[in-house]
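**Student:** Dumping the structure here so I can ask a few things about it.
What follows is the structure, given as structure tokens:
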């Protein structure tokens, strides 16, 4: 499976993961100026921008450890642009969903809520 196929599979798995938690999915692969948001969902009254990272077996780092400072800054920027564009006035946050696929392709999920620890408001 190539990089793009792994990414598409991960986003489909992520959508099912969050729907199973009772979240409402608002969009997938949303393009904003200077970036793309993998998923946008509602967790109760809170809007959530979700970064999905999917890795197959054999990678050194697990998926959830592959977001560095540069990517985090880009996520915050994209999230702010999205929130402004849709005129969202309520609380919002950025979550990370790491999906690690085993040799048979079975996923292991690692959901990290609010990866900016509340710093995206303002």
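Numbering (the numbering used here), first residue to last: 2 to 123. In this text, a Cβ means the ideal position worked out from N, Cα and C, and glycines have one as well.
Touch check for the segment 68–80 and the segment 22–29: three-plus C-beta pairs under 8 Å?
**Tutor:** no
**Student:** Beta strand (DSSP E) containing residue 42: first to last residue?
**Tutor:** 36–44 is the span of the beta strand (DSSP E), which, as asked, contains residue 42.
**Student:** Helix, strand or coil for residue 118 per DSSP?
**Tutor:** coil
**Student:** Please list, in chain order, all residues of the same chain as residue 68 whose beta carbon is under 8 Å from its beta carbon, the five residues on each side excluded.
**Tutor:** Cβ neighbours of residue 68 beyond the five flanking positions: 52, 54, 76, 97 and 116.
**Student:** Does the Cβ-Cβ distance between residue 33 and residue 79 come in under 8 Å?
**Tutor:** yes
**Student:** Excluding the 5 residues flanking residue 179 on each side, which residues of the same chain have their C-beta closer than 8 Å to its C-beta?
**Tutor:** Only positions 2 to 123 of the chain appear in this structure, which leaves residue 179 out of reach.
**Student:** Can you tell me the Cβ-Cβ gap for residue 6 and residue 39, rounded? I've got them flagged as a contact below 8 Å.
**Tutor:** That pair is no contact at about 15 Å.
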